[in-house]
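Below: the structure, in structure tokens.
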Amino acid sequence: MIVASLKKQLEGAGGTFMLETDVTIERGGITAIAGPSGSGKTTFLRMLAGLTSPDEGLLEVGGEVWFRKDTGKKKQVNLKPQQRRVGVVFQGYALFPHMTVLGNLLYASRDREMAEKLLNLVGLLQLKHARPANLSGGQKQRVALARALMQRPRILLLDEPLSALDESMKTLLQDELLKVNKELGVTILIVTHDSSEMYKLCDRVLLFEMGRIAADTSPRKLFVERQTTQKFAFKGEILEIRAVDAVYIAVVAIGNNLVEVVIDSDEKEGLQSGDSVIVGTKAFNPTVRKFAPKDFDISRL
Amino acid sequence: MNSIRAKVVGIESSENLHRVMLSAGNQIFTVITLELADDYTVGAMVDIRFKSAHVALAKNIAGEVSIANRLQATVQDLQKGKILVDMQLESDAGNISALTTTEAVERMRIVPGDVVTALMKASDLYLSRVEGA
């Protein structure tokens, strides 16, 4: 169990603000750290890893104090990153280019058996003698993941580890993260903006806003149980509204997709190009059929 | 988007599928929906919402119809296009708009002042919390 009751003053684009967390995270789960950029997500991870010192507070992991600084009489504690048993994977791979895949893992810990086990777990055993330059982005990220696990961390901190990867590689790595979480029992905290990633991987979402945890909920509650009983609702941006016959057609960008929606004069009222909107329909309306090669695959873009 | 303020008067559930009965004016509405948050309970005020394209119209309706929601309404105004007509209707439960084909409006000879029945399938309606409530 992680108890993180931490405070740190941060410099933001709009002046200084207080990063303040008071949260308990159960062992073995996967928690999403979400929120706009500059809300304190990365600093929170860095404080857990020991890369940034909080101004004050308490960080306890599995009953062991990693950080303590308060006005009380108890001794101040601030364990170094290498004393913390935390694995970290950031968006950049940061592998040693002159070492093989196996060499990169053994640099973290000289446990060859563990290295082979982890490479097998992430499906890279055949590439153990390859050098990073010869690997794809997804493969490099898997090496970084395996390396972060070499010291048998209690906590694995991932800062947008999959955001640079294409959809199919993302799906593959998500499956591997689930496997790692299940087989090694490591507690994972992952910074992500991807709602499907949160839904698939995480049992909990901490939504950061200006240094505070504005929502602490499940992905299901956050994304599925909404304000209305509409089941399909996606955030998008209006690109264009044009009058056609007795109706209007709104062109809306939802993620990488463009859709056209017929709206009536009531709905059109107060809407214009550039507006953020929610496009929704009831669960009874959408049709579902198997993806066929002739279908336009937006994920290829 | 049509919106009718209504009071929940009954909920019938089968696992996560629900049939919600609501009253507005003298009218009882039925909405079929998946998942219902805890605060949608009998007595709660909610908005029934539906697209104007999901409203069918009948004149002098007779016989049995499976559609659960039948609303007596008076035609106020018609915005005619070549293919579609956007129609404003006044009813005891509130004002709504209906989108129908120009062909149907001409065939049924619908003009302002006519009394029609607006038909809405229970699965085409959804519920929304009353804003600010």
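Going line by line, the protein sequences match chains A and B. Numbering follows this note's numbering, with no gaps: position 241 of the first sequence is 241. With positions in the second sequence counted from 1, the corresponding number in this note's numbering is that position plus 1000. Even for Gly, the Cβ is constructed at its ideal location relative to N, Cα and C. Since the model is a prediction, treat every value here as computed from it, not as a measurement.
In the DSSP assignment, find the unbroken alpha helix (DSSP H) run with residue 303 of chain A in it and report its ends. Residue 303 of chain A falls outside the range modelled here, since chain A spans only 1 to 301, and no answer is possible.
For the beta strand (DSSP E) that contains residue 1072 of chain B, what are its first and last residues? Residue range 1069-1080 is occupied by the beta strand (DSSP E) that includes residue 1072 of chain B.
DSSP bridge partner residues for residue 1018 of chain B (one or two, in chain order): Paired residue(s): B:1013 and B:1033.
Residues of its chain near residue 147 of chain A, where Cβ-Cβ distance is below 6 Å and the 5 sequence neighbours each way are ignored: 104, 105 and 108
Is residue 233 of chain A close to chain B? Criterion is C-beta to C-beta, closer than 8 Å. no
Within 8 Å, strictly: CB atoms of residue 1122 of chain B and residue 1041 of chain B: no
Could one say the Cβ of residue 282 of chain A lies closer than 8 Å to chain B's Cβ atoms, at least one of them? yes
Proximity to residue 192 of chain A [Cα-Cα], best of A:166, A:202 and A:11: A:202
Residues from the segment 1072-1105 of chain B in contact with chain A, defined by Cβ distance under 7 Å: 1079, 1080, 1081, 1082, 1083, 1084, 1085, 1086, 1097 and 1099
Work out the CA separation of residue 37 of chain A and residue 300 of chain A for me, nearest whole Å. At residue 300 of chain A the pLDDT is 49, less than 50, meaning the model places this residue with poor confidence; the figure from the coordinates comes in the next sentence. Their backbone Cα atoms lie some 27 Å apart in a straight line.
Work out the CA separation of residue 69 of chain A and residue 76 of chain A for me, nearest whole Å. 5 Å
CB contact below 8 Å: residue 1124 of chain B versus chain A: Yes, because at least one Cβ of chain A sits closer than 8 Å to the Cβ of residue 1124 of chain B.
Can you tell which of A:243, A:194 and A:272 has its C-alpha closest to the C-alpha of residue 255 of chain A? A:194
Can you find a C-beta in chain B that's less than 8 Å from the C-beta of residue 108 of chain A? For residue 108 of chain A, the answer is no, since every Cβ of chain B falls outside 8 Å of its Cβ.
According to DSSP, residues forming a beta bridge with residue 143 of chain A: The partner list for residue 143 of chain A (beta bridge, DSSP) is empty, contrary to what the question assumes.
Could you tell me which residues DSSP pairs with residue 21 of chain A in its beta bridges? A:6
With a threshold of 16 other CB atoms inside 10 Å of the CB of residue 134 of chain A, please say whether the residue is buried or exposed. exposed
Counting along the chain, where does the beta strand (DSSP E) carrying residue 212 of chain A start and finish? 212-217 is the extent of the beta strand (DSSP E) around residue 212 of chain A.
Only counting the same chain, and skipping five residues up and downstream in sequence, which positions put a Cβ closer than 8 Å to that of residue 1095 of chain B? 1076, 1088 and 1089
With a threshold of 8 Å between beta carbons, is residue 1119 of chain B in contact with chain A? no
Residue ranges of each beta strand (DSSP E) within the segment 51-76 of chain A, 3 or longer: 56-61 and 64-69
Return helix, strand or coil for residue 246 of chain A, following the three-state DSSP convention. coil
Output the distance between the C-alpha atoms of residue 144 of chain A and residue 46 of chain A, rounded to the nearest integer angstrom. 17 Å
Mind listing the chain A neighbours of residue 1052 of chain B? Cutoff is C-beta to C-beta under 8 Å, in chain order. Taking the beta carbon of residue 1052 of chain B as reference, the chain A residues within 8 Å of it are 264 and 266, listed in sequence order.
Since residue 207 of chain A and residue 14 of chain A should fall inside the 8 Å C-beta cutoff, what is the C-beta to C-beta distance between them, to a whole number of angstroms? Actually they are not in contact, since the Cβ atoms of residue 207 of chain A and residue 14 of chain A sit about 19 Å apart, beyond 8 Å.
Start and end of the beta strand (DSSP E) containing residue 1135 of chain B? There is simply no residue 1135 of chain B to check, as chain B begins at 1001 and stops at 1133 in what is shown.
Quick check: the segment 210-221 of chain A against the segment 244-252 of chain A, are at least 3 beta-carbon pairs closer than 8 Å? no
Let's see if you can read the secondary structure: which residues bound the alpha helix (DSSP H) around residue 174 of chain A? 167-184
Report the three-state DSSP secondary structure of residue 379 of chain A (helix, strand or coil). Because chain A here runs from 1 to 301, residue 379 of chain A falls outside it and cannot be looked at.
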